[in-house]
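A.B. asks: Got a structure for you, written out below as structure tokens; questions coming shortly.
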Amino acid sequence: MEIYQLKVFLEVARCLSFTEAADTLNLTQPAVSAKIKCLEAELETTLFRRLGRRIELTQVGEYLLEEGPSLVDLESRLVAEIDEIKQGKFSTLKIGCMPDMLSSWLPSVLYEYRRVYPDVQTKCLQFDAVEPLYRAIKTGEVDIGVSDLSFSAFDEISELAIGSVHYSLVVSSSHQLTKRPWLSLKELTDQAWVLPPEGIPGRIMLQKRMQELGLNLTDFAHVEIVDAASLMRTYLLQGHYLGFVSDFEFQMECEAGLLRRIPLEEFALGTPLFLLMAKRLGRTLGLAGQPTGRGGLGIEPIRQFVAMVQGQPGIAETSRLQRLSTPKPLASSPATAPKVPQFQAPNFLVRAGSASGTETICLTIGTQNRTIQTVTAGLIIQRLGLLEHFLPREGRYGGVQYRLRWSDYDSGAPIVAGLEAQQIDIGVLGDYPLLLSAAPGDSTAPAAGTRLISFVASNLDGTGNDIIVPQHSTLDCIDDLAGRVIAVPFCSAAHGMVMRSLHHRQILDNVTLTSIDSAGPQRSGRNTSPVDGYAYFAPFHEIAKHKGQFRRLLHENLDGLPTFHGVVIRSALAEQYPEVAVAYLRSLLAAQYWYATQPMATTLVSRWVNMDAAIVAKTLRSSASNQADVVYLPETRLRTDWLQAHIHQLGQIAGQEHLGQINLDRWMQPEFLEQAIASL
């Protein structure tokens, strides 16, 4: 079998057309047919099945199409290495990348490499678009490529995640928008933008994300497309245009104070930075868990460079080398490696376009935005557009369109009702309403209509719920509530706490519980029924105390139970679309990571919900929180023992016996969270 015959076969197999292959190869169609016939004769089998004017691959043809490119690539590599030997170049490393990488990330890495391996000759090739870089890697023109786009559409390319790239808005330092610490694309449709041409990573990244969010470049008032970074710089500095760039671009201008980066809500997470190489090189280097294929001539410099990059701080712990045609990693990461949520890098081969499909999945999410301990499961996901990014769009979801509706409520009761009525698909709830969503409506109901897929936040000492009384009240302890009236948000976590606490003191029957909707602290002094105290969940009891008109009555956790919040999904939805449940939890993990690591997080959340930033920081732990008095900690792991304890204590209260019928083994589905964590 001749290599040229194989090359002709591969072109025909890709096109499934002798005519198109002949045009590409600059041959006549009879010449192409003759080459295929000779190859089939040598192999003593047919490679194509003729179906009228169409052709399709036989089983042997499909195998040759899959494995043949590696042989062609090997031939190219051998020829290149022989040429190097003839020129006396026994140790050469060729690296290809885009201009931004060549001027930012690569120099320091290459300097360190040359310092350690001074005898290695290095050559850097700059590519103005990603497709030529791909071809250079494939043909062996370069040994290694660096890109912030994924090459997962190509079986012959392997990629190693070596870092993270962040995208943001960039403007002139004199632009009026520099006063804004954070912005959203939806706020900027009336601004003038300057963007690079198609095929540039930043342009691909922007349009792919806009497609996820239902946006298009035509939604913006004015967009100027330029061919060079120097032109883009001129538009930014002289025309006060807006630009979209990675943190590798315009570094000198930003350091000099000429340009300023402004974070965008829609790009709150980073994307992977990849080291790319031909799959055959990965096998040769033994990176796939296989023995090396041959000696080190021409290969050792690549091996040394890969090892050095993997050894950089923050990379060795999170890098994953994978053969992209399968989900299995080529190089295993340490079991204790921290996993950082990132956006998925778009594939440069996939172009953004108008989505069209025959199926539409409508998702209604019930949230409690001002219940700060739940913001990572609702408000932050919504504001940052995280769910739109992580929703599945491949395989069976390839033609699916999504319609998301976010419904914000003051407490969990209407969310439980919406789940029961199948008007809400995913709900974020406190401990007691979580159990209510799982409890059968009557003794004949076979199972819950929801599945518990994750916790969101927890408070070990139970102070996430509290009873407050006016400052002038004569009530000093919970026993003083006998014969009194307490306003409570019914079917909330605070309601569950009040029932358990009063039952523990054996005074539940002697206390009147009334709805807080008509007798809340904010209605104090109006023509409402008098109450002696209020039970509420965080942060609302904290807000009331913060204003100085109320004080805390419940000074200890009487029943010893933690309080927690979690996410439930309708059972039917989880069974029909399990990947959607996993996508929601991936969004939750990303939101929690962003809230914990972004210094501006509590400030932004406080603005979104119109609440004091100090209360936000005190309610849910973040980088801005005082760790000593924070109320809630992020918590995703489901705790069977906590659920059992709540069910046991509530089940002893008259009217709550039905909670004992909850089948935790059936209701809890931790496997969704496990899959979400594994996909990071």
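Residue numbers (my numbering): 64 to 743.
Backbone N, C-alpha and C define an ideal beta-carbon position, used for all residues, glycine too.
Which term fits L384, buried or exposed, when burial requires 16 or more other beta carbons within 10 angstroms of its beta carbon?
C.D. replies: For L384, the predicted model reports a pLDDT of 36, less than 50, meaning its position is unreliable; a value from the coordinates is still stated below. When all chains shown are included, L384 counts as buried.
A.B. asks: Can you tell which of I678, A644 and E642 has its C-alpha closest to the C-alpha of K610?
C.D. replies: For the residues I678, A644 and E642, the minimum Cα distance to K610 belongs to I678.
A.B. asks: How close, in whole Å, do the beta carbons of Y656 and P404 come, if the pair is a contact with beta carbons under 8 Å?
C.D. replies: The pair is a contact, with the Cβ atoms about 5 Å apart (cut-off 8 Å).
A.B. asks: For the beta strand (DSSP E) that Y67 lies in, which residues bound it at each end?
C.D. replies: Unbroken run through Y67 is the alpha helix (DSSP H), I66 to C78; no beta strand (DSSP E).
A.B. asks: Residues in its own chain within less than 8 Å of D692 by CB, not counting five upstream and five downstream?
C.D. replies: Once the five neighbours on either side are set aside, the close Cβ partners of D692 are K681.
A.B. asks: Taking only runs of the alpha helix (DSSP H) that begin and end inside the segment 265 to 336, which ones reach a length of at least 4 residues, in chain order?
C.D. replies: Those alpha helix (DSSP H) runs which fall completely within the segment 265 to 336 and span 4+ residues are 292 to 302 and 314 to 318.
A.B. asks: Considering only residues of the same chain and omitting the five flanking positions on each side of S235, which have a CB-CB separation below 6 Å?
C.D. replies: The residues are L299, L300 and H303.
A.B. asks: Which residues does DSSP pair with C187 in a beta bridge?
C.D. replies: Paired residue(s): I158.
A.B. asks: Under a Cβ-count criterion, where at least 16 other Cβ atoms within 10 Å of its own Cβ denotes burial, should A319 be classed as buried or exposed?
C.D. replies: Exposed, since its Cβ has fewer than 16 Cβ neighbours within 10 Å.
A.B. asks: Does the segment 622 to 642 come close enough to the segment 490 to 504 that 3 or more CB-CB pairs lie under 8 Å?
C.D. replies: Contact between the segment 490 to 504 and the segment 622 to 642 is present, because at least three Cβ pairs lie under 8 Å.
A.B. asks: Evaluate Q122 with the Cβ neighbour count: other Cβ atoms within 10 Å of its Cβ, from every protein chain shown; 16 or more gives buried, anything less gives exposed.
C.D. replies: When all chains shown are included, Q122 counts as exposed.
A.B. asks: Within a Cβ cutoff of 8 Å, which residues of the same chain sit near R468, ignoring the five residues on either side of it in sequence?
C.D. replies: Once the five neighbours on either side are set aside, the close Cβ partners of R468 are C425, L426, T427 and I428.
A.B. asks: Is S133 closer than 8 Å to T202 when the C-beta atoms are compared?
C.D. replies: Not closer than 8 Å, so no.
A.B. asks: I'd like to know whether the C-beta atoms of L120 and L114 end up nearer to each other than 8 Å.
C.D. replies: Their beta carbons are not under 8 Å apart, which means L120 does not touch L114 by this criterion.
A.B. asks: For V209, which of L196, A216, A370 and E219 has the nearest alpha-carbon?
C.D. replies: Ranking the options by Cα distance to V209, first place goes to L196.
A.B. asks: Roughly how many angstroms lie between the CA atoms of L624 and Y495, to the nearest whole one?
C.D. replies: Going by the C-alpha atoms only, they are around 12 Å apart.
A.B. asks: Output the distance between the C-alpha atoms of N279 and M273, rounded to the nearest integer angstrom.
C.D. replies: One C-alpha to the other measures close to 6 Å.
A.B. asks: Which term fits V561, buried or exposed, when burial requires 16 or more other beta carbons within 10 angstroms of its beta carbon?
C.D. replies: It counts as buried.
A.B. asks: Look at L338 and I263 and say whether their C-beta atoms are less than 8 Å apart.
C.D. replies: In this structure, I263 does not lie closer than 8 Å to L338 by Cβ.
A.B. asks: Jot down the residue ranges of each uninterrupted alpha helix (DSSP H) in the segment 654 to 739, minimum 4 residues, whole runs only, in chain order.
C.D. replies: Runs of the alpha helix (DSSP H) inside the segment 654 to 739: 664 to 672, 676 to 682, 703 to 713 and 727 to 730.
A.B. asks: Evaluate contact between the segment 714 to 724 and the segment 467 to 483, counting only Cβ atoms and requiring at least three cross-stretch pairs below 8 Å.
C.D. replies: Touching, no.
A.B. asks: Cα separation between F735 and T513?
C.D. replies: Their backbone Cα atoms lie some 14 Å apart in a straight line.
A.B. asks: Within 10 angstroms of its Cβ, does S293 collect 16 or more other Cβ (buried), or is it exposed?
C.D. replies: The residue in question, S293, is exposed, as its Cβ has fewer than 16 Cβ neighbours within 10 Å.
A.B. asks: Only counting the same chain, and skipping five residues up and downstream in sequence, which positions put a Cβ closer than 7 Å to that of H238?
C.D. replies: Cβ within range, chain order: H303.
A.B. asks: Looking at the structure shown, is Y465 part of a helix, part of a strand, or coil, going by DSSP?
C.D. replies: Strand.
A.B. asks: Thinking C-beta only, is N522 closer than 8 Å to Y658?
C.D. replies: For Y658 and N522, no; Cβs fall outside 8 Å.
A.B. asks: With DSSP collapsed to three states, give me the class of R116.
C.D. replies: R116: coil per DSSP, three-state reduction.
A.B. asks: Closest to T439 by C-alpha separation, out of F72, L683 and R700, would be which residue?
C.D. replies: Minimum Cα distance to T439 is reached at L683.
A.B. asks: Indicate the three-state DSSP secondary structure (helix, strand or coil) for T399 in the structure shown.
C.D. replies: Its pLDDT being 43, under 50, T399 is placed unreliably in this model, and the value from its coordinates should be taken loosely. If DSSP states are grouped into helix, strand and coil, T399 belongs with coil.
A.B. asks: Kindly list the residues whose CB is nearer than 8 Å to the CB of L137, restricted to its own chain and excluding five residues on each side of it in sequence; keep chain order.
C.D. replies: Contacts found: R343.
A.B. asks: Taking its Cβ as the centre, do 16 or more other Cβ atoms sit within 10 Å of A739, making it buried, or is it exposed?
C.D. replies: Buried, by the Cβ-count rule.
A.B. asks: Leaving out five residues on either side along the sequence, give the residues of the same chain with a beta carbon under 6 Å from the beta carbon of Y599.
C.D. replies: Result list for Y599: A557, in chain order.
A.B. asks: Is there contact here, the segment 319 to 328 with the segment 171 to 189, by at least three beta-carbon pairs under 8 Å?
C.D. replies: The segment 319 to 328, when compared against the segment 171 to 189, does not touch it at the 8 Å Cβ threshold.
A.B. asks: By alpha-carbon positions, which one of D471, I579 and I365 ends up nearest to V8?
C.D. replies: A query on residue 8 cannot be resolved here, the shown segment of the chain reaching from 64 to 743 and no further.
A.B. asks: Take T389 and list the residues in its own chain whose beta-carbon comes closer than 7 Å to its own, dropping the five residues that flank it on each side.
C.D. replies: In this prediction, T389 has a pLDDT of 30, which is less than 50 and means its spatial position is unreliable; what the coordinates show is noted afterwards. Counting only Cβ-Cβ distances below 7 Å, and skipping sequence neighbours, we find nothing.
A.B. asks: Kindly list the residues whose CB is nearer than 7 Å to the CB of I288, restricted to its own chain and excluding five residues on each side of it in sequence; keep chain order.
C.D. replies: If we look at I288 and ignore the five residues flanking it on each side, its Cβ neighbours are L258 and P260.
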